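Colleague: Before I ask anything, here is the structure I am working with.
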Amino acid sequence: MRITREQVEHVAMLARLELSGQEVGEYTRQLDAILEYAAVLEELKTEEIEPTAHVMPLMNVMREDSVRASLSQDQVLRNAPDAENGFFRVPKIV
Amino acid sequence: MMTENRYEMVCGVETHVELATKSKIFCGCSTEFGREQNTQVCPVCEGLPGVLPVLNREVVKLAVRAGLALNCHIAEFSKFDRKNYYYPDLPKNFQTSQYDLPICQNGWLDIRTGEQVKRIGVTRAHMEEDAGKLVHSGETITTSQESYADYNRTGVPLLEIVSEPDMRSIDEVIAYLEQLVGILEYTEVSDCRLEQGSVRFDINVSLRPAGQEVLGTRTETKNLNSFSSVRRCLEYEILRQAEVLDEGGQVIQETRTWDEGRGVTLSLRSKEEAHDYRYFPEPDLVPLVLDRDWIEKVRAELPELPEARYARLQSLGLSAYDAGVLTSSKALGDFFDQAGRHYPDAKNLANWVMGDLTRLLNARQWSVKDALIQPRQLAAMLELIDKGVISGKIAKSVLEDMVVSGKDPEQIVKEKGLVQISDESALLTVIQEVLQAQPKSVEDFRSGKEQALGFLVGQVMKATKGQANPGVVNQLLREQLTEQ
Ligand SMILES: [Zn+2]
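Taken in sequence, the protein lines are chains G and U. The numbering used here numbers the first residue of the first sequence as 1 and each following residue consecutively. The numbering used here numbers the first residue of the second sequence as 1001 and each following residue consecutively.
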């Protein structure tokens, strides 16, 4: 196995996902299969290859510092599950 | 303090400074402070699917300028990374930051505490985006049932400046913060409005028994936004850690928060605090490759920095104290320098700027930028005193008028008829009246009491509403008193 149940539970906690015991088992198997598949990359010899930070041969894509119109408050909140008084309302966080 | 003898404190500071751009770091939303909630938000900074961030060129320039002023090495190759964490102040669920290849590294700045100069290392400075603001519904953060999120600040460009753990006293920490903020202000990298949260400090501090080499366990207190909070926070945290160690306990490595009202630091231990950010290269942004010539061009454009001004002002004949005051406020120092172009006596100018002008500004809680007076107008007023047109006393009221009206001193003097009376015949009339009204003082002076003369001068000044030339009055009075 390339991934443990504990690791899946840890990642789920970090992502604020509540998983049942059965789901943890299921995702452990599925993630393991994905990692197994990607492990084929480990066979490549990469010692003499420069590390790449990006897949495209691009650099220095920048914009000028100019203000453009933002969305209206209505538009910003349109997809909010809960909102009040122009704010997104979220559960207590501490 | 006992603590300082038994334990040595070791402190490093992380400073988050908002860069002075018009628009956010990866989108065109305005960075203006204080607008209505959720009105400076767009799909990019809200992290909606399918959007592409594009780096703001000005952010790079300001970051490089700050890095150079902090004597950093500027990376010719740097990149952005995603710092992943789930918290409602972050709509994207990751913060775009720089992890292993920051734009600035290995710098330093010199701090002064008393006569001592000490070099503090700057480990790195990197670009990142600010998070949003959470407002809590209850009385306090712990009693609130809900939080309200405002994403106007999400995506405002920040430079995070990380110091080495080089500071060994609270005074050194404050000196570092003052020096750092001064440099950021002088280079105009940030507006440095601490009260608006545009500069925030995270304080890492630990104690170790005096003489011990190995570092103790540190705590990190986050999000302080004034020098006085940092000082009080450190005073509290050092005592707290010393108590733990005295009782044979162990300091827990943790993040703490500063409660300004109660003056204590509180633990923020919770699941959310798991420092597992799983950084990976930001796939939506391409690397940043800087040209050496361009970096040198930015360096050449750096303005005079605080240390250089401090030295220059002393070379003009100002005391270390005066030079320090005029350096610590850039606005006041700029005012002094601009006035100095029109007026040669630096010491006299400094006295007026730091004395009467500052007093008038403080009374109104103004910065010198809020006042209407222009530097060349102060210079002109000092010329009027030097030429004997107005007395120093009259000048004080002229200055007050200039501060609020922005009028030229000549105009104020003319409009209010404040020209100093140096005309001997006009003054003689007044002097005769005063001498007749004050026979006792006249008698006193003639019997050898010199101080009676001062009283009589005062009476003449009073009778002329301060407009008499004190030198002339003095001389005429003496003549009259000895003649008769
Ligand atoms: Zn935006």
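For each residue, glycine too, the CB sits at the ideal point set by N, CA and C. Since we're looking at a predicted model, the values are computed, not measured.
Quick check: is the beta carbon of U:K1271 nearer than 9 angstroms to any beta carbon in chain G?
Modeller: Taking the first residue of the second sequence as position 1, residue 1271 of chain U is located at position 271. A caution first: U:K1271 carries a pLDDT of 48, below 50, which makes its placement in the model unreliable, though a value can still be read off. Taking Cβ atoms only, chain G reaches closer than 9 angstroms to U:K1271, which makes this a yes.
Colleague: Can you find a heavy atom of ligand 1 that lies under 8 angstroms from the Cβ of U:K1024?
Modeller: Translated into the one-based positions of the second sequence, residue 1024 of chain U becomes position 24. It does: the Cβ of U:K1024 is within 8 angstroms (strictly closer) of some heavy atom of ligand 1.
Colleague: Following a CB-centred definition, is U:C1526 positioned closer than 8 angstroms to any heavy atom of ligand 1?
Modeller: This structure gives no information on residue 1526 of chain U, because the portion of chain U shown stretches from 1001 to 1484.
Colleague: Going by DSSP, what residue range makes up the alpha helix (DSSP H) through U:F1080?
Modeller: Along the second sequence, read from residue 1 onward, the residue named residue 1080 of chain U stands at position 80. Here U:F1080 belongs to no alpha helix (DSSP H), and DSSP marks it neither H nor E.
Colleague: Whose C-beta lies closer than 7 angstroms to the C-beta of U:E1282 among residues of the same chain, with five residues either side of it excluded?
Modeller: The residue you call residue 1282 of chain U lines up with position 282 of the second sequence. Excluding sequence neighbours, U:E1282 sits near F1080, D1081, R1082, T1096.
Colleague: Is U:Q1037 close to ligand 1? I mean its beta-carbon at under 8 angstroms from any heavy atom of the ligand.
Modeller: By 1-based counting over the second sequence, the position of residue 1037 of chain U is 37. Because no heavy atom of ligand 1 lies under 8 angstroms away, the Cβ of U:Q1037 does not count as near it: no.
Colleague: Select from U:G1155, U:A1125, U:Q1116 the residue whose C-alpha is nearest the C-alpha of U:P1043.
Modeller: For this step, residue 1043 of chain U is matched to residue 43 along the second sequence. It is U:G1155.
Colleague: Can you list the residues of chain U that G:K92 reaches, using a CB-CB cut of under 7 angstroms?
Modeller: To locate residue 92 of chain G, count along the first sequence from 1; it is residue 92. The answer, in chain order, is S1144, Q1145, E1146, S1147.
Colleague: Tell whether a beta-carbon distance below 9 angstroms holds between U:C1029 and U:P1091.
Modeller: For this step, residue 1029 of chain U is matched to residue 29 along the second sequence. For this step, residue 1091 of chain U is matched to residue 91 along the second sequence. Their beta carbons are not under 9 angstroms apart, which means U:C1029 does not touch U:P1091 by this criterion.
Colleague: How long is the line joining the alpha carbons of U:D1446 and U:Q1314, rounded to whole angstroms?
Modeller: For the purposes of this step, residue 1446 of chain U is taken as residue 446 along the second sequence, with counting starting at 1. For the purposes of this step, residue 1314 of chain U is taken as residue 314 along the second sequence, with counting starting at 1. Strictly speaking, residue 1446 of chain U in this sequence is Arg, with Asp absent from that position. Rounded to whole angstroms, U:R1446 to U:Q1314 spans 47 angstroms at the Cα level.
Colleague: From the DSSP output, in three-state form, read off U:N1056 for me.
Modeller: Position 56 of the second sequence, counted from the first residue, corresponds to residue 1056 of chain U. Strand at U:N1056.
Colleague: Return the chain-ordered list of same chain residues with a C-beta closer than 6 angstroms to the C-beta of U:V1251, the five sequence neighbours on each side being excluded.
Modeller: Translated into the one-based positions of the second sequence, residue 1251 of chain U becomes position 251. Cβ neighbours of U:V1251 beyond the five flanking positions: T1217, Q1241, V1244.
Colleague: Please decide whether G:E64 counts as near chain U, where near means a Cβ-Cβ distance under 9 angstroms.
Modeller: The residue labelled residue 64 of chain G in the question sits at position 64 within the first sequence. Yes, because at least one Cβ of chain U sits closer than 9 angstroms to the Cβ of G:E64.
Colleague: Leaving out the 5 sequence neighbours to the left and right, which residues in its chain are closer than 8 angstroms to U:D1110 when beta-carbon positions are compared?
Modeller: As a position in the second sequence, residue 1110 of chain U is number 110, starting the count at 1. V1117, K1118, R1119, I1120, Q1179, E1307.
Colleague: Are the CB atoms of U:E1237 and U:T1257 within a distance shorter than 9 angstroms?
Modeller: Position 257 of the second sequence, counted from the first residue, corresponds to residue 1257 of chain U. Position 237 of the second sequence, counted from the first residue, corresponds to residue 1237 of chain U. Taking 9 angstroms as the Cβ cut-off, U:T1257 and U:E1237 do not qualify as a contacting pair.
Colleague: What ranges does the alpha helix (DSSP H) occupy inside the stretch 1304 to 1363 of chain U, keeping only unbroken runs of at least 4 residues that lie completely in it?
Modeller: Entirely contained in the stretch 1304 to 1363 of chain U, the alpha helix (DSSP H) runs reaching 4 residues are, in chain order, 1306 to 1315, 1320 to 1328, 1330 to 1340, 1346 to 1352, 1358 to 1363.
Colleague: Looking at chain U, is there any beta carbon in it that lies within less than 9 angstroms of the beta carbon of G:R2?
Modeller: Your numbering for residue 2 of chain G matches position 2 in the first sequence. No, G:R2 lies away from the interface with chain U (no Cβ there is under 9 angstroms from its Cβ).
Colleague: Report yes or no: do three or more beta-carbon pairs, one from the stretch 22 to 40 of chain G and one from the stretch 73 to 81 of chain G, lie closer than 8 angstroms?
Modeller: no
Colleague: Of all the alpha helix (DSSP H) runs that stay within the bounds of the stretch 1389 to 1419 of chain U, which reach a length of 4 or more residues?
Modeller: 1392 to 1405, 1409 to 1415
Colleague: For U:V1135, go through chain G and note every residue whose CB falls closer than 9 angstroms to its CB, in chain order.
Modeller: The residue labelled residue 1135 of chain U in the question sits at position 135 within the second sequence. At a C-beta separation below 9 angstroms, U:V1135 has these neighbours in chain G: F87.
Colleague: When you measure from the CB of U:G1155 to every non-hydrogen atom of ligand 1, does any distance come out below 8 angstroms?
Modeller: Here the question's residue 1155 of chain U lines up with position 155 in the second sequence. U:G1155: yes, Cβ under 8 angstroms from ligand 1.
Colleague: Report yes or no: is there a C-beta of chain G within less than 9 angstroms of the C-beta of U:M1002?
Modeller: Stepping through the second sequence from its first residue, residue 1002 of chain U is reached at position 2. Per-residue confidence for U:M1002 stands at a pLDDT of 48, beneath the threshold of 50, marking its modelled position as unreliable; the derived number appears in the next sentence. No, U:M1002 lies away from the interface with chain G (no Cβ there is under 9 angstroms from its Cβ).
Colleague: Out of curiosity, what's the CA-to-CA distance linking U:I1025 and G:R68?
Modeller: In the second sequence, the residue the question calls residue 1025 of chain U occupies position 25. In the first sequence, the residue the question calls residue 68 of chain G occupies position 68. The C-alpha of G:R68 is placed about 13 angstroms away from the C-alpha of U:I1025.
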